[in-house]
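Going line by line, the protein sequences match chains A and B. Per the numbering used here: the first sequence = residues 12 to 189. Per the numbering used here: the second sequence = residues -3 to 449. Glycine residues also receive a C-beta, built at the ideal position from the N, C-alpha and C atoms.
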Amino acid sequence: MRRIGSSRRGLSTIVTAGIMLSAVAVLGSAVVTWSSGNLKAFEIALSNTAVANTNKITESVSIENIAFCSNCGSANSKNVTNVTLTNTGTVSVTITQIQLNSTAITSYYYSKNSPYSSSSCPPPSGVPTCLPTTISPKQSYTISTDLKSPTKWSSQKPDTITVTTTRGSIFTTQAVPP
Amino acid sequence: MKSRRALSTVVGAVFAIIALTSTVTYVSYSMGILDNYNQSVLTKNQQLSDVNKEKFQISSVTVPNSKLNITVLNTGGVPINFTKIWIQNTTTSATKDWVRSYVPTQNFVTPGGVLTNIGQSINVIPTNSYNVKLVTSRGNTQQFIMNSAGAQPLNIQLLAFPTTVPSGFKSELVMVVINNSTSTLVNVSPNNPTLTINNVANDNPTCTSNVVTPTKYTTLSPGTTAIFTWDITVTGTGGDSCTASFTTPLQGGYAQTLTSPAIMPTAISLSSTTYAQNSGIITMDYSSFKWIETSVWNNDWQFPASGSISEAFQVTFQNNNATAGGYLLNMSKNSQILLTPTLGNTASSAHVPYAFFIVNTINTNPNTNSYSLAGYSDYSAGIPNQGGVKTLYFGAISASGASQNCNGQNNNCIPAGQYYGLLILYGKYTKAGSFTGGTYAQTIPFFAIVGGP
């Protein structure tokens, strides 16, 4: 009797233990996999955020010179402003937009022969003066902004020039046309 | 039972280890990321700090051999590397589209150091005006304007000191230039003034200017002031005036008309009211001059015929010394009136001047129709500073004396004839009751008198 009863108890216990073990293993593996995936996602998000912010604070653009051109394109047109930017940071910077007095520039001046070209950038020939553009560290780039005729810049009235990068950095300066 | 417990413990331990390892890995990774970000922030702060520490001053700009030559002083705390020079021809409105950039060959300067010969590769026309900008590797810029006072009117004032001057004397024309622009001005020189004469008295007034001082300011930083002066010599009278004007005050600068206050010449006169500004500190009131021979004071210029009666005098003086603090001019016993005959004495022989030394008072006596002198103690009578007025008496034959003499050459009895006179005053500027102080002497031209008919 003792052997028969003992044998039954042992089987059920083993089965139960096996089921429990399987359940724990399955659930545990699922939890571990889920948490590992989440942690990985967090790691990637954290990494991306950190890299983006690090690059953003590292990028530095100097609006080096602003030249108001009176006779570019046509005589006394006064609608071209050459803005020279220099990347003074340690990472490449992509300039996406330039604004004059809060007006986004969409037209750029290339040369006397093809003034006021469209916003297709870079142009088919000649030195590009348009946006978007990527400026490597220590390099400069001149943007020839075109205020579409009949809009002109006004002498002795300060203009605000704002430059925006892909990372969201904004650089602003002011200049007074002659 | 022991083996079953061990199995579950092992399984739990495995999961625990996995969980802990994952957590530790994630935390470590996060810490690493944050550390990198922190380093970036620190680096950025350092860069911004260096940008703020970067300061330089343009000490001179010349154009030898038609080449730009800029000298820069590093006044900041970090080395400076100049990466570019922008130059714009601002000579006329038609040339302003001419904009060029150059990379300087001389470009590095340590803190406190001087960098010379910047821009030697740039050809410029010395007489043209240029707007020049220096750019550093950190993005700082400094702009200055060469040979031009800019496209905007500067704050310029014209003054004249004084506006009223005696004819033939000089007034100072002063041009005050304040650089209210945002650019440093280089080689700032004024044009010559145009002098305009207003001939009111129709007496051919003149107005001339000497050269400007200084001729040039090498640099004029934003917010600083330059002062140019001219000596303007004017002649004329009666409301004549001279004004200086500019249509373009600075060479190559903005056209703005400036006119100075009118400078008015006045005739030099020796009246009691204007003598002080033309002559000396002690002035006399000519109308107060009086003489006495008997017991009556007289104020005309001709004495009665008298070869044996002595004379005495009184004159009122004013002390125009502006020094405050209770000071006065205490008169010395040697002060005197000196009268000299214009044609010599009898028989054309030379005569020493007739001296009448200062006395304390002169007392008249109507009963005897005479007067008497009270001897003068050295420095006992003072005329207060700042316009003090006092009447002084003269008549003694000697210093501190109370008597007169009518014999011999040295006497107080003036014979018939014409005389010219001088008032000779000695004294000390001191406080009342004190006998120490700075000595002072002055002669005042007296007017002529006639002794006897």
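Whole-number beta carbon distance between residue j and residue i, since they are thought to touch under 8 Å
i        : j        : result
B:Gln314 : B:Gly423 : At roughly 14 Å, the Cβ-Cβ gap does not stay under 8 Å, so B:Gln314 and B:Gly423 are not in contact.
A:Gly84  : A:Tyr119 : No, A:Gly84 and A:Tyr119 are not in contact; Cβ-Cβ is about 11 Å, not under 8 Å.
B:Asn175 : B:Gly108 : Their Cβ separation, rounded to whole angstroms, is 25 Å, which puts B:Asn175 and B:Gly108 out of contact at 8 Å.
A:Thr162 : A:Asn90  : 6 Å
B:Leu324 : B:Ile354 : Contact doesn't hold; Cβ gap of about 15 Å is too wide.
B:Val170 : B:Lys212 : Contact doesn't hold; Cβ gap of about 17 Å is too wide.
B:Ala197 : B:Thr233 : 5 Å
A:Ile68  : B:Val59  : In fact, because the Cβ distance is near 43 Å, the residues do not count as touching under 8 Å.
B:Thr101 : B:Asn70  : So it is not a contact: roughly 17 Å between Cβ atoms.
A:Pro188 : A:Lys168 : 7 Å
A:Ser46  : B:Ser18  : 6 Å
Pick from the options that is closest to residue i, judged by C-alpha positions
i        : options                                   : result
B:Ser217 : B:Phe309, B:Cys409 and B:Thr178           : B:Thr178
B:Val292 : B:Val230, B:Leu64, B:Asn363 and B:Ile277  : B:Asn363
B:Val172 : B:Gln153, B:Val208 and B:Thr360           : B:Gln153
A:Thr153 : B:Arg96, B:Arg134, B:Asn407 and B:Asn41   : B:Arg96
A:Ser58  : B:Gln43, B:Phe52, B:Ser24 and B:Ser45     : B:Ser24
B:Val348 : B:Ala197, B:Lys166, B:Trp297 and B:Pro411 : B:Pro411
B:Asn330 : B:Val385, B:Thr357 and B:Ala392           : B:Ala392
A:Gln185 : A:Lys51, A:Gly48, A:Val94 and A:Thr24     : A:Val94
B:Asn41  : A:Asn49, A:Gly48, A:Thr65 and A:Leu50     : A:Thr65
A:Arg178 : A:Ile106, A:Ile116 and A:Ser122           : A:Ile106
A:Ile181 : A:Ser81, A:Thr101, A:Gln167 and A:Ile74   : A:Ile74
B:Pro210 : B:Ile223, B:Asn200 and B:Thr202           : B:Ile223
B:Gln400 : B:Pro300, B:Ala320, B:Ser284 and B:Tyr367 : B:Tyr367
B:Val110 : B:Tyr416, B:Val385, B:Thr67 and B:Ser4    : B:Thr67
A:Leu111 : A:Thr144, A:Ala56 and A:Thr171            : A:Thr171
B:Pro441 : B:Tyr415, B:Asn361 and B:Ser430           : B:Tyr415
B:Ser56  : B:Ile445, B:Gly115 and B:Val20            : B:Gly115
B:Thr5   : A:Val26, A:Ile25 and A:Leu32              : A:Leu32
B:Asn450 : B:Ile277, B:Pro158, B:Phe299 and B:Trp297 : The structure shown has nothing for residue 450 of chain B, since chain B only spans -3 to 449.
B:Val450 : A:Gly137, A:Val35, A:Thr156 and A:Pro134  : There is no way to answer for residue 450 of chain B, as the model of chain B reaches only from -3 to 449.
A:Asn49  : B:Glu289, B:Thr21 and B:Val385            : B:Thr21
B:Ser328 : B:Thr192, B:Asn356 and B:Asn407           : B:Asn356
A:Ala86  : B:Asn65, B:Ser62 and B:Asp93              : B:Asp93
B:Thr112 : B:Ile358, B:Phe78 and B:Asn295            : B:Phe78
Residues near residue i in its chain [Cβ-Cβ closer than 6 Å; skip 5 each side]
i         : result
B:Cys402  : Ser304, Ser306 and Cys409
B:Thr204  : Thr229
A:Val104  : Glu70, Val72, Asn98, Ile146 and Thr176
B:Tyr271  : Only weak support exists for where B:Tyr271 lies, its pLDDT of 47 falling under 50; the value from the coordinates is given anyway. Correct list, in chain order: Thr279.
B:Ala343  : Residue confidence for B:Ala343 is low, a pLDDT of 49 falling below 50, so the modelled location carries little weight; the figure read from the coordinates is stated next. Closer than 6 Å at Cβ, skipping near neighbours: no residue.
B:Thr435  : Lys424
B:Gln310  : Lys286, Thr387 and Tyr389
B:Ala156  : Ser167, Leu169, Ser256, Pro257 and Ile259
B:Ser237  : Asn194, Ala258 and Met260
B:Lys(-2) : Interpretation of B:Lys(-2) is limited by its pLDDT of 46, a score under 50 that renders its predicted location unreliable; no figure is taken from the coordinates.
B:Thr91   : Asn85
B:Thr253  : Thr243
B:Pro149  : Tyr250 and Gln252
Close-in-space but distant-in-sequence residues of the same chain around residue i (CB under 7 Å, 5 per side omitted)
i        : result
B:Thr244 : Asn187 and Ala251
B:Glu451 : With chain B running from -3 to 449 in the structure shown, residue 451 of chain B is simply not present.
B:Gly397 : Phe353 and Gly371
B:Leu189 : The amino acid at residue 189 of chain B is misidentified as Leu; the sequence shows Pro. The answer, listed in chain order, is Leu169, Ser205, Trp226, Ala240, Ser241 and Phe242.
B:Ile420 : Ser331, Gln332, Leu334 and Thr439
B:Thr231 : Ser163, Gly164, Pro201, Thr202 and Pro261
B:Thr160 : Met260 and Thr262
B:Pro122 : Val59 and Ser62
Same chain, Cβ closer than 8 Å to residue i, neighbours up to 5 away in sequence not counted
i        : result
B:Gln138 : Phe52, Ile54, Lys129, Leu130 and Thr180
B:Ala428 : Gly322, Leu324 and Gly378
B:Val7   : none
B:Thr319 : Asn381, Gln382 and Tyr425
A:Ala63  : Arg178
A:Asn82  : Ser88
Chain C contacts from the region 169 to 186 of chain A (Cβ-Cβ distance under 7 Å)
Looking at the structure shown, chain C is missing, and the protein chains on hand are A and B.
What are the residues of the region 22 to 39 of chain B that lie near chain A, defined by any Cβ-Cβ distance shorter than 9 Å?
Tyr22, Tyr25, Ser26, Ile29, Leu30, Asn32, Tyr33, Gln35, Ser36, Val37 and Thr39
Output needed in chain order: residues of the region 92 to 125 of chain B with a Cβ under 9 Å from some Cβ in chain A.
Lys92, Asp93, Val95 and Ser97
Can you list, in chain order, the residues of the region 73 to 104 of chain A whose Cβ is nearer than 9 Å to any Cβ on chain B?
Ser73, Ile74, Glu75, Asn76, Ala78, Phe79, Cys80, Ser81, Asn82, Cys83, Asn93, Thr95, Thr97, Thr99, Gly100 and Thr101
Using a beta-carbon distance cut-off of less than 9 Å, what residues from the region 68 to 83 of chain B approach chain A?
Thr79, Lys80 and Trp82
To be precise: take each residue of the region 45 to 57 of chain A, compare its Cβ to all Cβ atoms of chain B, and keep it if any distance is under 8 Å. Which residues remain?
Within the region 45 to 57 of chain A, contact with chain B at the beta-carbon level (separation under 8 Å) is assigned to Ser46, Ser47, Leu50, Phe53, Glu54 and Leu57.
Is the number of C-beta pairs between the region 80 to 90 of chain B and the region 29 to 36 of chain B that are closer than 8 Å three or more?
no
May I ask you to list, following chain order, the residues of the region 373 to 393 of chain B that have a beta carbon less than 9 Å from some beta carbon of chain A?
none
Closer than 7 Å, Cβ to any Cβ of chain A: which residues of the region 187 to 214 of chain B, in chain order?
none
Give, in chain order, every residue of the region 26 to 45 of chain A whose Cβ lies closer than 9 Å to some Cβ of chain B.
Ala28, Met31, Leu32, Val35, Ala36, Gly39, Ser40, Val42 and Val43
Taking only beta carbons into account, state which residues of the region 222 to 252 of chain B come closer than 8 Å to chain A, listed in chain order.
none
Output needed in chain order: residues of the region 57 to 69 of chain A with a Cβ under 9 Å from some Cβ in chain B.
Leu57, Ser58, Thr60, Ala61, Val62, Asn64, Thr65, Asn66, Ile68 and Thr69
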